[in-house]
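Inspection log for the structure reproduced underneath, given as structure tokens.
Number of protein chains: 2
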Amino acid sequence: MAREIERKFLVTGDGWRTNVVRSRAIAQAYIARGEQASVRVRIVDDAGGRLTVKGRVSGLSRDEFEYDVPLEDARALIGMRSGRLLAKRRYDVIEEGRLWEVDVFEGEFSGLVIAECELEREDEAVTRPAWLGREVTADPRYYNAALAVQGLPSDQ
Amino acid sequence: MAREIERKFLVTGDGWRTNVVRSRAIAQAYIARGEQASVRVRIVDDAGGRLTVKGRVSGLSRDEFEYDVPLEDARALIGMRSGRLLAKRRYDVIEEGRLWEVDVFEGEFSGLVIAECELEREDEAVTRPAWLGREVTADPRYYNAALAVQGLPSDQ
Numbered sequence: 059m060a061r062e063i064e065r066k067f068l069v070t071g072d073g074w075r076t077n078v079v080r081s082r083a084i085a086q087a088y089i090a091r092g093e094q095a096s097v098r099v100r101i102v103d104d105a106g107g108r109l110t111v112k113g114r115v116s117g118l119s120r121d122e123f124e125y126d127v128p129l130e131d132a133r134a135l136i137g138m139r140s141g142r143l144l145a146k147r148r149y150d151v152i153e154e155g156r157l158w159e160v161d162v163f164e165g166e167f168s169g170l171v172i173a174e175c176e177l178e179r180e181d182e183a184v185t186r187p188a189w190l191g192r193e194v195t196a197d198p199r200y201y202n203a204a205l206a207v208q209g210l211p212s213d214q
Numbered sequence: 059m060a061r062e063i064e065r066k067f068l069v070t071g072d073g074w075r076t077n078v079v080r081s082r083a084i085a086q087a088y089i090a091r092g093e094q095a096s097v098r099v100r101i102v103d104d105a106g107g108r109l110t111v112k113g114r115v116s117g118l119s120r121d122e123f124e125y126d127v128p129l130e131d132a133r134a135l136i137g138m139r140s141g142r143l144l145a146k147r148r149y150d151v152i153e154e155g156r157l158w159e160v161d162v163f164e165g166e167f168s169g170l171v172i173a174e175c176e177l178e179r180e181d182e183a184v185t186r187p188a189w190l191g192r193e194v195t196a197d198p199r200y201y202n203a204a205l206a207v208q209g210l211p212s213d214q
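Below, the structure is given as structure tokens:
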């Protein structure tokens with residue numbers, strides 16, 4: 059089990075592209091939701107499958123349990139999804155020594171770009187790169203699970 | 059991925075106890091449910107954890123994906139359940155060459171005893187031991203997921 063502490067921002071412009079260190083294609087979907095958990099399946103670079111149980115969000119944190127699964131299982135599990143399949147390319151961007159994951163969504167969500175950074179502590183200071191827009195950490199409409207069910211927020 | 063084909067019956071009396079070959083304690087809970095899947099976590103003999111994604115029931119069959127998980131993960135996942143924790147002792151019973159799993163429920167469900175047998179084909183003939191009561195294969199109230207959410211059926 060891991061405890062994930064992260065902040066999340068909309069991205070404006072392409073300034074981050076000069077600092078990309080690597081990228082990968084992600085296809086993901088949500089197969090089930092409970093009172094205290096949601097269950098996601100993800101395929102990375104069409105090569106590896108992963109099943110993730112995420113706990114409830116509390117502040118900037120949530121518990122997360124991740125398990126590698128065979129690719130063919132992941133494909134079948136994605137077929138059992140509720141809501142939409144999310145396709146995005148995730149870019150790892152290093153800016154002032156911090157790793158940002160910039161997700162460029164595709165298909166129906168084309169135009170949506172979200173940057174996340176993972177923190178050690180909830181009160182850790184974050185230097186905001188110039189290409190960061192509005193913070194959406196506390197906006198549940200930008201959870202990937204909500205995007206899958208509700209689609210793009212109307213103010214996007 | 060496995061495809062599970064099974065039939066399920068209420069059990070009347072103790073006639074099955076003479077043919078028990080082994081037993082184990084099972085604690086299980088459901089952490090999430092989707093349009094096409096439910097996700098269960100199980101601890102067997104307080105030693106091993108397992109995460110299972112079950113697909114929709116179609117006739118006597120359903121798809122099932124099972125993954126071993128660390129015991130401490132399973133305990134934390136059970137803490138993230140929706141609905142009740144189900145505790146039961148599962149007895150493997152061999153009768154006329156067929157394996158029956160007899161689940162004796164505990165706690166709130168005390169008195170409920172369900173026998174299941176797994177089939178190779180949906181149309182496979184099943185010789186019914188004398189201790190089998192009413193078949194509940196098609197009765198969704200007896201799915202473990204339904205027991206966890208709705209409790210014991212009122213006609214039980």
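Chains B and P are the protein sequences, given in the same order.
Under the working numbering, think of the first position of the first sequence as 59, with each following residue one higher.
Under the working numbering, think of the first position of the second sequence as 59, with each following residue one higher.
Quick reminder that beta carbons are idealized off the backbone N, C-alpha and C, glycines included.
In terms of beta-carbon proximity, Val115 (chain B) stays away from the interface with chain P, with every pair separated by 9 Å or more. Residues of chain B whose Cβ lies closer than 8 Å to the Cβ of Arg91 (chain P) are, in chain order, Ala90, Arg91 and Gly92.
Excluding residues up to 5 positions away in sequence, Val111, Lys112 and Gly113 lie with their Cβ nearer than 7 Å to the Cβ of Ala95 (chain P) in the same chain.
Leu177 (chain B) and Arg120 (chain P) have their alpha carbons spaced roughly 41 Å apart. Within the same chain, Cβ atoms closer than 6 Å to the Cβ of Ala132 (chain P) are found at Val99, Ile101 and Gly107, the five residues on either side in sequence being excluded. The beta carbon of Ile152 (chain P) is closer than 8 Å to those of Asn77, Val79 and Trp158 in its chain, skipping five residues each way along the sequence. Counting every other CB atom within 10 Å of its CB across the protein chains shown gives Ala196 (chain P) a total below 16, marking it as exposed. Contact check for Ser168 (chain P) and Tyr88 (chain P): beta-carbon distance about 20 Å, past the 8 Å limit, so the pair fails to qualify. Note: Thr110 (chain B) is bridge-paired with B:Arg98 and B:Glu124 in the DSSP secondary-structure output. For the region 122-136 of chain P, residues whose beta-carbon sits nearer than 8 Å to a beta-carbon of chain B comprise Phe123, Tyr125, Val127, Glu130, Asp131, Ala134 and Leu135. Close partners of Leu177 (chain B) in chain P (Cβ separation under 8 Å) are lacking, with about 21 Å as the shortest Cβ gap. Contact between Ala90 (chain P) and Arg91 (chain B) holds, with the beta-carbon distance rounding to 5 Å and staying under 8 Å. Against chain P, a Cβ distance below 9 Å from Val78 (chain B) picks out nothing, because the smallest value is about 33 Å. For Leu109 (chain P), a Cβ of chain B is located within less than 9 Å of the residue's own Cβ. In the three-state scheme derived from DSSP, where H, G and I count as helix and E and B as strand, Ala132 (chain P) is classed as helix. For Ala206 (chain P), no beta strand (DSSP E) run applies; the uninterrupted alpha helix (DSSP H) run containing it begins and ends at Asn202 to Gln208, by DSSP. Cβ neighbours of Glu174 (chain P) within its own chain (closer than 6 Å, five residues either side excluded): Glu64, Lys66 and Glu159.
Interface annotation, Ala105 (chain P): not in contact with chain B, CB-CB separation never under 9 Å. Close partners of Ala95 (chain P) in chain B (Cβ separation under 7 Å): Ile89, Ala90 and Met138. Beta-bridge pairing by DSSP links Ile172 (chain B) to B:Leu68 and B:Asp161. Beta-carbon to beta-carbon, Gly209 (chain P) and Glu166 (chain P) are separated by about 7 Å, close enough to satisfy the 8 Å threshold.
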